[in-house]
Structures are given as C-alpha cells and as structure tokens.
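Peer 1: Shown below is the structure under consideration.
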Amino acid sequence: MRVKNLDTIPIETIVGCFLEAFENYFVEFPKDLKYFKKRWEMSKIDYSISYGMFHGQKLVGFVLHGIDFRRNHLTAFNLATGVIPDYRGKKITKRIYDFAIPELKNRGITKCQLEVIKNNAPAVNTYENIGFTITKNYKCFSGDIVLKQPLNYSLKEIHHEEFNMIDWPNQTSYSWENQEESLVKGEFKWYLVSNKSMAESYFIINPLTGYIPKIDVLEETDEIWQRLFSAVNGVSSKIKINNVDEQLAVKINRLQQFGLNNTIDQFEMELLL
1 MRVKNLDTIP IETIVGCFLE AFENYFVEFP KDLKYFKKRW EMSKIDYSIS YGMFHGQKLV
61 GFVLHGIDFR RNHLTAFNLA TGVIPDYRGK KITKRIYDFA IPELKNRGIT KCQLEVIKNN
121 APAVNTYENI GFTITKNYKC FSGDIVLKQP LNYSLKEIHH EEFNMIDWPN QTSYSWENQE
181 ESLVKGEFKW YLVSNKSMAE SYFIINPLTG YIPKIDVLEE TDEIWQRLFS AVNGVSSKIK
241 INNVDEQLAV KINRLQQFGL NNTIDQFEME LLL
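Counting along the sequence shown from 1, when you hit position 229 you're at 229 in our numbering, and nothing is skipped either side.
Next comes the structure, spelled out in structure tokens:
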C-alpha cells in the first residue's frame, strides 16, 4: 500500500470511498455527488494536499484537507477522514499523516485542525496519537421550532459585507465550516432581524435544508430571542444547527427552549506544525 495525493483522482472515486467508509456511521450522509462537490468546494478542499491510501489502484482510505488562512494560521482543516471496513486496524490514518505532515509544512501550513464525534473513541485516540489535542467541545442540534409566543419582527436579507458592519458576539466560537470564509461559497441567505428599526439579531440559513451555520443576538432578552425564532420559523420551521461551543451555555439553553434537541457532540482538535 502507498500514500499519494488526490489531485488526479476523480471525485467519483473519492465519494465512492467516502460512502463506503461512512456506511452505518453515527450520522447519515447524502448519496448525491452534487452535494459533495458543493460542500467540498465551500470548505476549500485542495486535492493536491489531500491524501489517499491506495492498495494497488484501489483507494482504501483518505484525508481531505480544506486550506485557508484562518485566525493567524495557514490551516489545513481535515474535512473528512475515512477508511473502508476491510482495511481498518492497519493504522492507515496515522500513515497518511506521517506522509502528509512534511508536505504540509513545506507548503507553509502552520496548523492542522479537525472535528470528531466524541463517541468515536478509536478516532479520538488515533488523532491524539498523531499529536492532536482537544481545543473545543461542540454540541449539535436539530428539530422543529416551538414558539410559545410568536412576536412581530422585521426581516431583511443582507449581503455578507453588511453582516461585518455590526459587531456580532461569539464569532470566534464558530467552527471551520460555519466561519464566514466558508459560508460565502455556500447556498445560504443572510438575514438581519430588527425591531423598531434597530438591528437586534441575525441568522444565516440554507432555506432548502434548514441548516443554520450562524445565529445570535446582540442583547440577551426573552423578547429578542422570541423575535429571532419567529423570524427563523418564517423561513424554515425545521432546522439544524451544528457545532455550538459548549461554553455558550446561555445560547444552548435558548436553542433547547425553542424545541431543538442535542443530537450529537463533537471535539475540535488541533495540531500545530
């Protein structure tokens, strides 16, 4: 078996290996090739420094890296690691990283980052053995919005540049795929929620899927949260919010207050090069 980059490998081959590796996983993934093309483009996958383990011509394992300058580091974000069932137990992930790390350093990468489901103990142990450390704890939510007291609101769709004109809280708490650099390439709408001409909250959403990568308020009050979720409900009543930092206890309580269920927990892990 040998490791090489995925620059010349058809995306159909990579997606096929991905789906085989993640069959019967903690979460279910779509089978649509267009979904993976769009998501991986949004996350800035660079196939020249993403890697696969090959047995002959067969791709049996992979690490996909999104590359971008984030928070003072040129970062390689591991969007997905997978090994097909027949090849597990052969330390393929570690062997890929042993090959990849010198190349990443040569390309000027100063940080590797990833997310892993907390209950996936073998994966967590593998990453710790490579040298990754846990930096954040995330909670994921989904469900149908429950509104006990819908309120009137003013909703305006804005451009992401308008979003940056307001000093929104908790922006450093968001994970790679929920950061603005990733979202501008996605199929999202950015909404400002106001009351009496005063901006007080926002949310970013894919209206087709109900996925919300960012949501927050400028001031912590019952009415502002009620107006925010009244506005969200007007776009999509069933929503999904991934990777809420566990340190944001008040925000987590609010999400649960409006009917969302904690579906899965994740670690964010980092390796400085």
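Cβ atoms here follow ideal geometry from the backbone N, Cα and C, with glycine treated the same way.
All figures in this text were calculated on a predicted structure; none of them were measured in a lab.
Tell me residue 56's beta-bridge partners as DSSP assigns them.
Peer 2: DSSP lists no partner for residue 56.
Peer 1: How many angstroms separate the CA atom of residue 129 from the CA atom of residue 220?
Peer 2: If I take the Cα positions, the gap works out to 41 Å.
Peer 1: Going by alpha carbons, who is nearest to residue 124 out of 23, 272, 267?
Peer 2: Of 23, 272, 267, the residue nearest in Cα terms is 267.
Peer 1: Less than 8 Å between the C-beta atoms of residue 163 and residue 190, yes or no?
Peer 2: Yes, these two residues count as a Cβ contact at 8 Å.
Peer 1: Under three-state DSSP, which class holds residue 187?
Peer 2: Of the three classes helix, strand and coil, the one that applies to residue 187 here is coil, per DSSP.
Peer 1: CB residue 45 to CB residue 79, shorter than 8 Å?
Peer 2: Yes; because the gap between Cβ atoms is below 8 Å, this pair is in contact.
Peer 1: Starting from the Cα of residue 207, find the closest Cα among 193, 235, 218, 181 and give me that residue.
Peer 2: Closest by alpha carbon: 235.
Peer 1: Assign residue 25 to buried or exposed, taking buried as 16 or more other Cβ atoms, counted over all protein chains shown, within 10 Å of its Cβ.
Peer 2: Answer is exposed; the Cβ neighbour count stays below 16.
Peer 1: With DSSP collapsed to three states, give me the class of residue 146.
Peer 2: It is coil, neither helix nor strand.
Peer 1: For residue 296 and residue 96, which I take to be in contact (beta-carbon distance under 8 Å), what is that distance rounded to the nearest angstrom?
Peer 2: Coverage of the chain is limited to positions 1 through 273, which leaves residue 296 absent and any answer about it impossible.
Peer 1: If you drop the 5 nearest sequence neighbours on each side, which residues of the same chain put their C-beta closer than 6 Å to that of residue 272?
Peer 2: Answer for residue 272: 111, listed in chain order.
Peer 1: Tell me, which residues are paired with residue 75 by DSSP?
Peer 2: BP columns for residue 75 point to 68, 111.
Peer 1: Going straight from the alpha carbon of residue 188 to that of residue 93, what length do you get?
Peer 2: When rounded, the distance between both Cα atoms is 33 Å.
Peer 1: Among 71, 265, 244, which has the Cα closest to the Cα of residue 117?
Peer 2: Answer by Cα proximity: 265.
Peer 1: Check the C-beta distance from residue 270 over to residue 126 and give it rounded, since I have them as a contact under 8 Å.
Peer 2: Contact flag wrong, Cβ pair sits at about 15 Å.
Peer 1: Considering only C-alpha positions, which residue in the set 40, 177, 183, 184 is nearest to residue 50?
Peer 2: Of 40, 177, 183, 184, the residue nearest in Cα terms is 40.
Peer 1: Among 6, 143, 32, whose alpha-carbon lies nearest the alpha-carbon of residue 210?
Peer 2: When each option's Cα is compared against that of residue 210, the closest is 143.
Peer 1: Between the segment 246-255 and the segment 198-206, do three or more beta carbon pairs fall short of 8 Å?
Peer 2: Touching, no, given that fewer than three Cβ pairs across the two stretches are closer than 8 Å.
Peer 1: With a cut-off of 8 Å on the beta carbons, I'd call residue 202 and residue 216 a contact; round off their distance for me.
Peer 2: Residue 202 to residue 216, Cβ: 7 Å. Contact.
Peer 1: Cα-Cα, which of 105, 28, 35, 113 is closest to residue 64?
Peer 2: Among 105, 28, 35, 113, the Cα nearest to that of residue 64 is on 113.
Peer 1: I want to know whether the segment 80-89 touches the segment 238-252 - three or more CB-CB distances under 8 Å.
Peer 2: Result no; under three Cβ-Cβ pairs closer than 8 Å.
Peer 1: Nearest CA to the CA of residue 154: which residue from 133, 199, 33?
Peer 2: The shortest Cα separation from residue 154 among 133, 199, 33 belongs to 199.
Peer 1: Just how far apart, CA to CA, sit residue 3 and residue 99?
Peer 2: Those two C-alpha atoms are separated by around 7 Å.
Peer 1: List in chain order: all unbroken alpha helix (DSSP H) runs of 4+ residues lying wholly within the segment 198-237.
Peer 2: You should have 222-235.
Peer 1: Using 10 angstroms around the beta-carbon of residue 213, count the other beta-carbons present and answer buried if the total reaches 16, otherwise exposed.
Peer 2: Buried, by the Cβ-count rule.
Peer 1: Can you name the residues that DSSP bridges to residue 245?
Peer 2: Residue 245 is bridged to 138.
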